[in-house]
Amino acid sequence: MNRETMKSIILVILIAFSLVLTVALWNYQPVNDTIDDNVLIGNTQLDELGSERTLSELIIPEEIVFHDGDAYYTHAESIDNKDFYQQQIQQWNVTNIDTSPGSINLDNHHHAVEIVFPAEIPIQTIQDLFVLNNEEGLEGIQASFDRIFVVQQNGGSVSSTFSLWFVDSDSSENRFSLKADISTSAGENAFRELDDKEELKELIRVRDTIANEEGSNEGFANIYLPKQTSRIPEYVLQTDSLDVRPLQNDLFPSNTAVTSYTASGGERVTKTFKQQLTQFDKRMEYELTIPNAANQDDLQVYDMLNQSMQDINSHLGWTNDYRLSSVLTGWNQVQYQMYFGDLPVMENSETSMLATIMMRYQQGQIQEYKRPLVKFSSITSERKATLKSGEQVLEDLQEKNDLDNRTILDLEIMYTLEEQRNNLVFSLIPEWYIKTNAGWMKVYSEEQSQNEEIS
């Protein structure tokens with residue numbers, strides 16, 4: 001066989017191979033890229049698995065501290081703090097609102113009630129948290145607060161009154177955002193909680209316990225820890241899966257054809273020209289891929305809180321006990337954290353975004369929405385962990401040189417959400433957490449014990 005014949009045979013083989021590939025491509029039906037020409041018509045709510053919420057149900061104090069001279073107390077059971085807040089504090093009739101209150105020396109008041117919120121919230125939320133006769137004075141005020149102090153004026157005389165001081169802890173100027181009055185009976189009922197110490201547990205204020213090398217301890221002013229050890233139940237949780245279609249139907253415009261496909265990582269993607277919803281195993285991420293026109297103004301913080309509540313209400317998206325945890329004004333972002341047994345739930349690397357609802361807005365519309373696609377319920381809570389006292393935790397941190405009042409923001413007992421091996425059951429493990437400028441992290445590593453004993 002000469003050289004030219006060999007070339008001809010190879011050429012024929014290549015042409016035949018090319019034809020086979022062409023026919024295969026013509027007849028290929030991709031598994032992970034299909035067009036859904038059906039419009040999005042159907043249920044837009046999660047029905048029995050979810051519910052609606054109001055701002056007063058989402059903005060809950062993380063702590064209520066009763067000041068009794070140099071001693072500090074809170075309710076022995078954390079659920080009692082929530083009941084006290086909802087059954088008493090939210091029923092107060094707030095009057096005589098003063099938006100330029102000046103200042104007050106709280107150390108001069110032997111008794112006070114300190115109501116601590118997990119995030120800075122705008123002054124306008126007062127109309128949602130209390131009973132107001134006149135709300136007009138709150139419009140347009142650019143101020144926020146994360147604490148409320150209840151104090152008794154006029155030295156406890158017959159004519160004494162009770163005042164609320166709204167405080168922005170992070171503000172170096174104009175710390176006191178607003179002052180208002182409540183009735184004498186409301187104030188007396190609040191302070192009456194101190195009469196029964198057996199129903200309370202004693203706290204230590206970190207500022208009174210330690211100082212940094214320069215002698216300053218102002219950074220610890222608003223951190224309170226349990227003086228004694230804490231017995232916290234552990235939970236085993238099961239999950240109910242949420243159908244993503246009602247969420248998709250609510251988020252995407254009606255009568256819209258969508259493209260749906262399964263990506264290489266296994267996640268299901270549904271998208272239009274401007275929107276995309278990605279469904280992972282137990283969570284979802286939605287984003288507006290093309291921003292709105294730039295001539296629209298961003299939402300004010302109070303409006304953003306209301307909008308996020310209404311947007312989640314529209315599909316009955318409150319599937320567990322979620323509460324406001326942070327407001328990032330620069331990012332137009334609101335975040336809600338799941339609570340269980342009245343303690344906040346933190347995630348680890350394997351349970352990321354399974355206990356958090358995050359919404360970010362741009363020019364009045366949802367720009368980003370991340371949330372779990374499971375609802376948690378308790379199977380058992382037979383075990384209790386006895387965690388170290390606040391004093392012991394401070395000692396441990398000082399030994400590690402990890403306590404710096406320039407960076408520490410909070411210390412708190414929280415649940416860690418851990419996924420068990422079968423991927424169907426989760427555990428809630430109570431642990432000590434510390435908050436710094438870098439965010440929340442565990443006080444103790446996996447190799448260290450933070451328990452006095454486990455029973």
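According to the working numbering, the sequence shown is numbered sequentially starting from 1.
Glycine included, every Cβ here is placed at the ideal spot set by N, Cα and C.
Everything numeric in this text was worked out from a predicted model, so none of it was measured.
Going by C-alpha to C-alpha distance, which of ASN222, GLN153, TYR85 and GLY265 sits closest to THR184?
In this structure, GLN153 is the residue among ASN222, GLN153, TYR85 and GLY265 with its C-alpha nearest to the C-alpha of THR184.
Exercise for the section: Taking only the alpha-carbon atoms, compute the straight-line gap between LEU328 and LYS400 and give it to the nearest angstrom. Expected result: 31 Å
ask   = What separation, rounded to the nearest whole angstrom, lies between the Cα atoms of ASP168 and TYR339?
value = 24 Å
- Can you tell me the Cβ-Cβ gap for LYS201 and ALA76, rounded? I've got them flagged as a contact below 8 Å. 5 Å
**Q.** Any 3 or more C-beta pairs closer than 8 Å across the segment 376–396 and the segment 227–241
**A.** yes
Q.
So within the segment 374–402, which uninterrupted alpha helix (DSSP H) runs reach at least 4 residues, ignoring any that extend past its ends?
A. 390–399
Output yes or no for whether 7 Å exceeds the beta carbon distance between LYS197 and PRO101. no
- Query: Where LEU305 and SER325 are concerned, what is the direct C-alpha to C-alpha distance, given to the nearest angstrom?
  - Reply: 12 Å
### Task
Closer than 6 Å by C-beta to LEU194: which residues in its own chain qualify, once you throw out the five before and the five after it? Chain order, please.
PHE66 and ASP68
Quiz item: Are the beta-carbon atoms of LEU247 and TYR224 separated by less than 7 Å?
Solution: no
Of the listed residues LYS282, ASP281, LEU277 and PHE84, nearest to LEU512 (C-alpha basis): No answer is possible for residue 512: it lies beyond the span of the chain, which begins at 1 and ends at 455.
message = Whole angstroms are fine: how far does the CA of TYR415 sit from the CA of LEU55?
response = 24 Å
Q. Is it the case that the Cβ atoms of PHE191 and HIS109 are separated by a distance below 7 Å?
A. no
Using a Cβ distance threshold of 8 Å, determine whether the segment 357–366 contacts the segment 306–314, with at least three qualifying pairs required. In short, these stretches touch, since the Cβ pair count reaches three.
*Excluding the five sequence neighbours on either side, which residues of its own chain have a C-beta within less than 7 Å of the C-beta of GLN45, listed in chain order?*
PRO246, HIS315 and LEU316
As a quick exercise: from GLN300, LEU106, LEU387 and GLN335, pick the residue whose alpha carbon is nearest that of TYR444.
LEU387
### Query
Taking C-alpha atoms, which residue in VAL94, GLN127, VAL206 and GLU120 lies nearest to ILE182?
VAL94
Among ILE148, ASP170 and TYR361, which residue has its Cα nearest to the Cα of LEU164? ILE148
Legend entry - Own chain partners of ASN332 with C-beta closer than 8 Å, once the 5 adjacent residues on each side are dropped: ASP298, LEU299, MET304, ARG360, TYR361, GLN362 and GLN367
- Own chain, CB closer than 7 Å to ALA438, minus 5 neighbours either side, in chain order: none
Taking ALA385 as the reference, give the member of PHE130, GLU234 and PRO253 with the closest Cα.
-> For the residues PHE130, GLU234 and PRO253, the minimum Cα distance to ALA385 belongs to GLU234.
**Asked** Quick one: is ARG205 near chain D, going by C-beta distance under 7 Å?
**Response** Note that chain D does not occur in the displayed structure, where there is just one protein chain.
Discussion item. Between which two residues does the alpha helix (DSSP H) holding PRO246 run?
Written reply: 244–251
Take the Cβ of PHE220 as the centre, count every other Cβ of all protein chains shown within 10 Å, and call the residue buried at 16 or more, exposed below. Confidence at PHE220 is low in this model, with a pLDDT of 49, below 50, so its placement is unreliable and no value can be given for it.
From THR99 to GLN91, what distance separates their C-alpha atoms? Those two C-alpha atoms are separated by around 21 Å.
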